[in-house]
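Here is the structure we will look at.
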Amino acid sequence: MSTSIISLTDLCFGYNGREQFILKDLSLKISEATVTAILGPNGSGKTTLLSLILGIRSPQQGAIRIQGREIGDYSRSAMSRLIGLVPQDETFPLGLSVFHYVLLGRAPYRGLLEGPKAEDVHAASEAIETVGLTDFSTRLVSSLSGGERQLAVVARALAQNPHVLLMDEPTSHLDLDNRSRLIALIRDLAARGVTVILTTHDPNVAARVANDAVLIRRGEVVASGAVESVLNADNLTATYGVPVHVAQVYGKPVIIVP
Amino acid sequence: MRSENTMMPDRVPRAFLFLALLVLGAVLLSIFVGRYPTPYWMPARYLWHDELARRLVLHLRLPRILTALLMGMVLAAAGTVMQTIFRNPLVCAGFLGVSQGAAFGAALSIVLLTPSLMIIEIFATIFALTGLLLSYLLAWNIHYGDWVLRLVLAGIVSSALFSSGVGVLKYVADPLKELPDIVFWLMGGLWAVTWRDLLYVLPIAVLSLGLLLLMRHRLNLLALRDDTAFSLGVSPFKERTVVLATSVVGTAVVVSIGGIVGWVGLIVPHIARRIVGADAGKVLSASMLLGGVVALLCDDLARTIRAAEIPLGIVTSLVGSAIFMIMFFRSDIGGRS
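Line by line, the protein sequences give chains A and B.
Mind the numbering: the first sequence is residues 1 to 258 in this note's numbering, read in order.
Mind the numbering: the second sequence is residues 1 to 337 in this note's numbering, read in order.
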């Protein structure tokens, strides 16, 4: 379909350089402008995988290529314009307004000692508008609800104008309404050319939001490919170790654990 | 497009103008406040008519005024940096073992050596850094409470350790020669400050303030979690170390001539946040100006109220803790999450 923007080849990674790898010989190709969901049980290495793509950790073996170039060939500032991160539990600086928090996302476009310029203010306002928080922009982040905070984090990452957006469990603390809003937002981002890689515990979220799915168990890929073909009963049972039933509702797979 | 989002844009420059005028006003006021020729106030004409008054202002009051100003600026800047980076409204140099570490270093050098001011500064700096490091490491390893509480607890432990160290040094110090010097650091005061003292601390203190001002746009970024900061092109560990070390060195240097002057670094950033909003860069600049004013006015009180000086540290603690209580009851601190 489309060209792959990220390719992972035979990745091995363990913390503290131990021989016990958390990720083992992991290979993966991620297509441009798609949403890829990484699924797996707790401790299967999903978050670790994101941190390797981000570049904050380096694999002991294997290669990560983004747009055909080794990750190590990019400068820090080039990487920060390429990849944005929505972490699972963002920490917010003391008493910051939504606008000033989102403005932090413009850091990759400024020198070390430079303050925000007019274009940064513009980009931040636009990102806030994209996630629908315009009315909240002068509010303190600490006064927002959990769902609104998550949208603020997404806005901060969007202000960065990234090609690739990594999202760690983006829907886990959200109620049904906010979850739907975020899923629609993620679909919209992919339609605008952003490649989204997200982790989730919930196969149903993956089924609704993702084009592709990757199932990981104990650091190894169980299955990967188009979401409709990957999220079947056999694969999910093999990944989670519990019997899983997959029903079809409105043409989408719905995962039920009996 | 929606630049009105930046929170009342014309209010901030006006606030800075106000603060700058406040600094100027406080300096002018301080020149005429004192115990000569009569308690509390010296009429301006004395500067023309009275040779002693001129010399008093030139050789005693002016260096003291500038030192108090500098000290308040450094302490408030360090407090802002620490509160921002540790995401903790309840910390400052005096609460993280930094000031006590500096006092211990100063006392140690007094007991062990016959120190020049330079050696006292060096010892104070080394132990101030040790104090911060100790607090930070302890906070990482305490398994009780959240990050805000752990850091406060660790700061108490680290401060107590150095305070007891100072206690031991007081015990072994020569009661006639060394002890009075050590006691001076514990209470904080600027009564003996000369131009020479000021020139000793000026370069490092100004360098520290300048570097922090240069880095002011990074402060909020350094408060983010490591991976978020990294994704934005920040080197979190490296940059935090630079900024913290800069503020600790600045603090140690002013502590080495002024002793422990508490609470300025805790209170001033909160007031500055009320005035200019939460952007750490602006808070830092506003804190510096306001910190200078607060320390200067407290020092004016310390040298004016009674014929015998009240130690500056006691005045700032009194004023600071009172303001802190008021702010806490009004939920200005930590009450809006």
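Even glycine gets a Cβ: it sits at the ideal position worked out from N, Cα and C.
Note that the structure is predicted; figures quoted are calculated from it, not measured.
*Do you know how far the Cα of residue 9/A is from the Cα of residue 28/A?*
7 Å
*What does DSSP give as the partner residues of residue 226/A in its beta bridges?*
212/A
*Does DSSP put residue 253/A in a helix, a strand or coil?*
strand
*Mapping DSSP to helix, strand and coil, what is residue 100/B?*
helix
*Can you tell me which of 50/A, 90/A and 222/A puts its alpha carbon nearest to the alpha carbon of residue 150/A?*
90/A
*For the beta strand (DSSP E) holding residue 24/A, just list the boundary residues, first then last.*
23–31
*Secondary structure at residue 10/A, three-state DSSP: helix, strand or coil?*
strand
*On the premise that residue 131/B lies in contact with residue 97/B, defined as a C-beta separation below 8 Å, what is that separation, rounded to the nearest angstrom?*
3 Å
*Determine, using beta carbons only, whether residue 263/A and residue 229/A come nearer to each other than 8 Å.*
Outside the shown range of chain A (1 to 258) lies residue 263/A, about which nothing can therefore be said.
_Could you tell me the alpha carbon to alpha carbon distance between residue 280/B and residue 216/B, rounded to whole angstroms?_
7 Å
*Put residue 239/B into one of helix, strand or coil per three-state DSSP.*
helix
*Step through the CB atoms of chain A and report whether any lies within less than 8 Å of the CB of residue 228/B.*
yes
_Determine whether the beta carbon atoms of residue 124/A and residue 139/A lie at a separation below 8 Å._
no
*Output the residue ranges of the beta strand (DSSP E) runs that lie fully inside the segment 121–167 of chain A and measure 3 residues or longer, sorted by chain position.*
none
*Please report the Cβ distance between residue 155/A and residue 133/A, rounded to the nearest whole angstrom; I am assuming they are in contact, meaning their Cβ atoms lie under 8 Å.*
6 Å
*Quick one: residues in its chain with C-beta nearer than 8 Å to the C-beta of residue 162/A, no 5 flanking neighbours on either side, listed in chain order?*
81, 82, 83, 84 and 194
*What in chain D is Cβ-close to residue 82/B, meaning under 8 Å?*
The chain labelled as chain D is not found among the protein chains of the depicted structure, namely A and B.
*By a C-beta neighbour count over all protein chains shown, 10 Å radius and 16 as the cutoff for buried, is residue 85/B buried or exposed?*
buried
_8 Å CB neighbourhood of residue 245/B in its chain, flanking five on each side removed_ = 129
*Round the Cβ separation of residue 317/B and residue 77/B to the nearest angstrom and send it over; I've been treating them as touching at under 8 Å.*
Incorrect: roughly 20 Å between the Cβ atoms, too far for contact.
*Whose CA, out of 205/B, 304/B and 331/B, lies closest to the CA of residue 339/B?*
For chain B, the structure presents residues 1 to 337; residue 339/B sits outside this window and is missing.
*Mind pulling the chain A residues with CB within less than 9 Å of residue 89/B?*
94 and 95
*Show which residues of chain A have a CB atom less than 9 Å away from the CB atom of residue 215/B.*
112 and 113
*Taking Cβ positions only, does residue 100/A come closer than 8 Å to chain B?*
yes
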